[in-house]
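S.K.: Please read through the structure below; I'll follow up with questions.
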Amino acid sequence: MEDVLDEWRITILNSEIAAEESSAPDDARTGKKKDVSYEMEDMLDEWRTKILKSEIAANESSAPDDARTGKKKEAILKDKEYLTHLELRFNDDDEAVKNDDDDDDEALKNDDDEAVKSDDNDEALSLKSSRFDLLEALNNDDEPVQSVLEYLEPHPNLENLGIVFYNGSKFPSWMEFPNWEGRSIMLRQLRIMSCKKLKVLPALGRLEFLEDLYLFELYSVSAMGLEVLGVLKNGDSSAAPVIAFPNLKKLTIWNMKHWEEWVIKTTVNITVMPLLQELFIYDCPMLKSLPCQILSSSLREMTIDSCPYLEVSYLPPFLENLKLKKDAGSLSISLPIQNGLHSNLKSLAIWYSPHSTLPQGLSQLNALKTLKIRYCDSLTRIPDELQHLTSLQKLKIYKCPILRPRCKKEVGEDWSIISHIPNIQIDLEKIQ
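Going by the UniProt record's numbering, the letters in the sequence shown line up with residues 1 to 432, in that order.
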């Protein structure tokens, strides 16, 4: 494998040198060096074939002698039962470089940190983690990229899978996650990131051990339906699970520019995400609604960030931590609380709100202990509702220029509303 990579790097370097020389005067060039662009395409095709063949050969050479004489392996990774962590990273032109260098992109930074840690591990641990970096290997053509991914089906023991910068419009057949020879897929964490041409998500609801799902920059996905749960559109799938995402505890959906809806309507008696505890949705400017099935009694923490059209009809009854950032849709206007009170929400954070007032319904949060307000330039006053929150123990206000003088101790216009709160901090200064 390393020999193939070294050969490929040398070929690339020689091609670049040839390209530079091709800009020299005609008398300094040879006929062979004029065809660099065509040689480059031929070289890429040849390299794709070599890398697949070398992986198959390496896999077979590591097998027992009696296993090498039979049928050729059908896949590169399918028999690697000790491989538990795998990342497949493809090419996305300039975006790949930009995202790798962006310190603000915590998700990619963490991935890189894990790769460094993996390099430092001993040989035994290295068998458990692998990163196929296809960043420079493939172009953006849909068919060859999908063809390569088809060959990278992992063993069902895989626990952590990341697919980054994949440029195909759909995933290969193994991403539908059927039972592998009657065995369940052990996948616990799945990250699908910056797959901007992907149109339809696979049947992720079939992953019975999946605990953490992270979806990032899937620009071509406009809707999620029953397919994601593993149920056909007509709701009459014999393979439909009784419970979709039965062990999912954390769901993060980030920067889905064209995602408008997630609708779950079916005649099949199905439960969705019964153990979901953390829900994070960031930068989904077209999203209008979430299925009520995921706003269940198991949910404890929720963040909504930059979803201006999102309508949420009620707060999960046992939600403990809620963060609203920028325009969080209807939640930025009013907190929809059923039965008059919400007796479990303990922490509320409001950041970068574009509105002049806090959301209505604060007086119904009779268990609220901490309220954080940050970077709300347009916020003009503290609502009277806060005066009735006797459970509130901490109020932290930071970078809210209009509120600072209004909350000044003893003399501020809003001081009488917040004076009963034991701990007040404004711009990192403790007021009381």
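Backbone N, C-alpha and C define an ideal beta-carbon position, used for all residues, glycine too. Predicted, not measured: the structure shown is a model, and the values here were computed from it.
My guess is that Val-312 and Pro-336 are in contact by the Cβ rule of under 8 Å, so how many angstroms apart are they, rounded?
M.R.: Taking the sequence shown and counting its residues from 1, the one referred to as residue 312 is at position 312. Taking the sequence shown and counting its residues from 1, the one referred to as residue 336 is at position 336. Right, their Cβ atoms sit about 6 Å apart.
S.K.: Give the range of the alpha helix (DSSP H) segment to which Arg-404 is assigned.
M.R.: Counting from one through the sequence shown, the residue named residue 404 turns up at place 404. Taken as a continuous stretch (DSSP letters only), the alpha helix (DSSP H) holding Arg-404 covers 403-406.
S.K.: What's the call for Ser-306, buried or exposed, on a 16-neighbour Cβ count within 10 Å?
M.R.: Numbered from its first residue, the sequence shown carries residue 306 at position 306. Ser-306 should be labelled buried.
S.K.: May I ask you to list the residues that DSSP assigns as paired with Glu-278?
M.R.: Start at 1 with the first residue of the sequence shown, and residue 278 comes out as number 278. Lys-250 and Glu-301, per the DSSP bridge assignment.
S.K.: Grab me the residues of Lys-396's own chain with a C-beta within less than 6 Å of its C-beta, minus the 5 sequence neighbours each way, in chain order.
M.R.: As a working mapping, residue 396 is identified with position 396 in the sequence shown. So the qualifying residues of the chain are Lys-372 and Gln-425.
S.K.: Looking only at C-alpha atoms, which of Phe-177, Ser-347, Ile-185 and Asn-247 sits nearest to Glu-227?
M.R.: The residue labelled residue 227 in the question sits at position 227 within the sequence shown. Ranking the options by Cα distance to Glu-227, first place goes to Phe-177.
S.K.: Mapping DSSP to helix, strand and coil, what is Leu-125?
M.R.: The sequence position of residue 125 within the sequence shown is 125, counting from 1. Any answer about Leu-125 is weak, because its pLDDT of 37 lies below 50 and its placement is not dependable; what the coordinates show is given next. Leu-125: helix per DSSP, three-state reduction.
S.K.: Give the DSSP bridge partners of His-155, in chain order.
M.R.: To locate residue 155, count along the sequence shown from 1; it is residue 155. Bridge partners of His-155: none, in fact.
S.K.: Rounded C-beta distance between Leu-358 and Leu-322? I'm assuming under 8 Å.
M.R.: Taking the sequence shown and counting its residues from 1, the one referred to as residue 358 is at position 358. Taking the sequence shown and counting its residues from 1, the one referred to as residue 322 is at position 322. That pair is no contact at about 13 Å.
S.K.: Could you check which residue in Pro-308, Ser-297 and Glu-150 has the C-alpha nearest to that of Ser-173?
M.R.: On the sequence shown, residue 173 is found 173 positions in, with the first residue counted as 1. It is Glu-150.
S.K.: What did DSSP end up calling Met-224 once you bin it into helix, strand or coil?
M.R.: On the sequence shown, position 224 is the one that residue 224 refers to. Three-state DSSP puts Met-224 in a strand.
S.K.: Using the rule of at least 16 other Cβ atoms within 10 Å of the residue's Cβ for burial, across every protein chain shown, is Gly-329 buried or exposed?
M.R.: The count along the sequence shown starts at 1 and reaches residue 329 at position 329. With 16 or more Cβ atoms within 10 Å of its Cβ, Gly-329 is classed as buried.
S.K.: Sort Val-263, Ala-223 and Ala-244 by Cα distance to Leu-275 and report the nearest one.
M.R.: Your numbering for residue 275 matches position 275 in the sequence shown. Out of Val-263, Ala-223 and Ala-244, Ala-244 has the C-alpha closest to the C-alpha of Leu-275.
S.K.: Could you tell me the distance, in whole angstroms, from the CA atom of Tyr-219 to the CA atom of Cys-195?
M.R.: Position 219 of the sequence shown, counted from the start, is the residue given in the question as residue 219. Position 195 of the sequence shown, counted from the start, is the residue given in the question as residue 195. Computed Cα separation, rounded: 8 Å.
S.K.: With which residues is Arg-374 paired in a DSSP beta bridge?
M.R.: As a first step, residue 374 must be located in the sequence shown, where it is residue number 374. According to DSSP, Arg-374 bridges with Trp-351 and Tyr-398.
S.K.: Shortest alpha-carbon distance to Gln-277 belongs to which of Ile-264, Leu-251 and Cys-407?
M.R.: Against the sequence shown, residue 277 aligns to sequence position 277. Comparing Cα-Cα distances from Gln-277 to each of Ile-264, Leu-251 and Cys-407, the minimum goes to Leu-251.
S.K.: Nearest CA to the CA of Lys-408: which residue from Ile-382, Lys-257, Glu-153 and Ile-264?
M.R.: Counting from 1 along the sequence shown, the entry for residue 408 is found at position 408. It is Ile-382 whose Cα lies nearest to the Cα of Lys-408.
S.K.: With DSSP as the reference, label Asp-327 as helix, strand or coil.
M.R.: In the sequence shown, residue 327 corresponds to position 327, counting from 1. Correct three-state label for Asp-327: coil.
S.K.: Classify Lys-325 as buried or exposed, calling it buried when 16 or more other Cβ atoms lie within 10 Å of its own Cβ.
M.R.: The residue you call residue 325 lines up with position 325 of the sequence shown. Result: buried.
S.K.: Sort Lys-80, Trp-351, Lys-369 and Asn-255 by Cα distance to Tyr-398 and report the nearest one.
M.R.: Taking the sequence shown and counting its residues from 1, one reaches residue 398 at position 398. Measuring from the Cα of Tyr-398, the nearest candidate turns out to be Trp-351.
S.K.: Please classify Tyr-82 as buried or exposed, where buried requires at least 16 other C-beta atoms within 10 Å of its C-beta.
M.R.: Against the sequence shown, residue 82 aligns to sequence position 82. Looking at its Cβ environment, which holds fewer than 16 other Cβ atoms inside 10 Å, Tyr-82 is exposed.
S.K.: Looking at the unbroken alpha helix (DSSP H) that takes in Ile-424, where does it start and where does it end?
M.R.: By 1-based counting over the sequence shown, the position of residue 424 is 424. First-last for Ile-424: 423-426, but that is the beta strand (DSSP E), not the alpha helix (DSSP H).
S.K.: Would Pro-354 and Ser-378 be called neighbours here (beta carbons separated by less than 7 Å)?
M.R.: Locating residue 354 in the sequence shown gives position 354, counting from the first residue. Locating residue 378 in the sequence shown gives position 378, counting from the first residue. Cβ atoms of Pro-354 and Ser-378: closer than 7 Å.
S.K.: Here's the rule I'm using: 16 or more other beta-carbon atoms within 10 Å means buried, otherwise exposed. How should His-342 be labelled?
M.R.: The count along the sequence shown starts at 1 and reaches residue 342 at position 342. Buried, by the Cβ-count rule.
S.K.: Taking the straight line between their C-alpha atoms, what separation do you get for Glu-211 and Trp-415?
M.R.: For this step, residue 211 is matched to residue 211 along the sequence shown. For this step, residue 415 is matched to residue 415 along the sequence shown. Using only the alpha carbons, I get a separation of about 45 Å.
S.K.: Which same chain residues, not among the five before or five after Leu-158, have their C-beta less than 7 Å away from its C-beta?
M.R.: Mapped onto the sequence shown, residue 158 falls at position 158. Leu-83, Thr-84, Leu-86, Met-186 and Leu-187, listed in sequence order.
S.K.: Considering only DSSP beta bridges, list what Ser-416 is partnered with.
M.R.: Working through the sequence shown from its first residue, we reach residue 416 at position 416. Ser-416 is not bridged to any residue.
S.K.: Specify the secondary structure class of Arg-206 as computed by DSSP and reduced to three states.
M.R.: Counting from one through the sequence shown, the residue named residue 206 turns up at place 206. If DSSP states are grouped into helix, strand and coil, Arg-206 belongs with the helices.
S.K.: Please state the DSSP three-state secondary structure of Trp-259.
M.R.: Counting from 1 along the sequence shown, the entry for residue 259 is found at position 259. In the structure shown, Trp-259 sits in coil (DSSP, three-state: anything other than H, G, I, E or B).
S.K.: Considering only residues of the same chain and omitting the five flanking positions on each side of His-258, which have a CB-CB separation below 8 Å?
M.R.: To locate residue 258, count along the sequence shown from 1; it is residue 258. Tyr-219, Ser-220, Val-221, Ser-222 and Met-286.
S.K.: How would you write the range of the beta strand (DSSP E) that Tyr-212 sits in, first residue to last?
M.R.: Numbered from its first residue, the sequence shown carries residue 212 at position 212. In the sequence as presented, Tyr is not what sits at residue 212; that position holds Asp. Start and end: 212-216.
S.K.: Opposite Ala-244 in the DSSP bridges: which residues?
M.R.: Counted from its first residue, the sequence shown places residue 244 at position 244. Val-272, per the DSSP bridge assignment.
S.K.: Might you give, ordered along the chain, the residues of its own chain that have their beta carbon closer than 8 Å to the beta carbon of Ala-367, omitting 5 neighbours on each side?
M.R.: Working through the sequence shown from its first residue, we reach residue 367 at position 367. Answer for Ala-367: His-342, Ser-343, Asn-344, Leu-345, Lys-346 and Ser-391, listed in chain order.
S.K.: Reducing DSSP to helix, strand and coil, say where Asn-160 ends up.
M.R.: Counting from 1 along the sequence shown, the entry for residue 160 is found at position 160. The answer is strand: DSSP assigns Asn-160 an E or B state.
S.K.: Measure how close the beta-carbons of Phe-280 and Arg-300 come, nearest whole angstrom, since I'm counting them as under 8 Å.
M.R.: Position 280 of the sequence shown, counted from the first residue, corresponds to residue 280. Position 300 of the sequence shown, counted from the first residue, corresponds to residue 300. That pair is no contact at about 12 Å.
S.K.: Applying the criterion that 16 or more other CB atoms from any shown protein chain within 10 Å of the CB defines a buried residue, is Glu-217 buried or exposed?
M.R.: As a position in the sequence shown, residue 217 is number 217, starting the count at 1. Under this definition Glu-217 is a buried residue.
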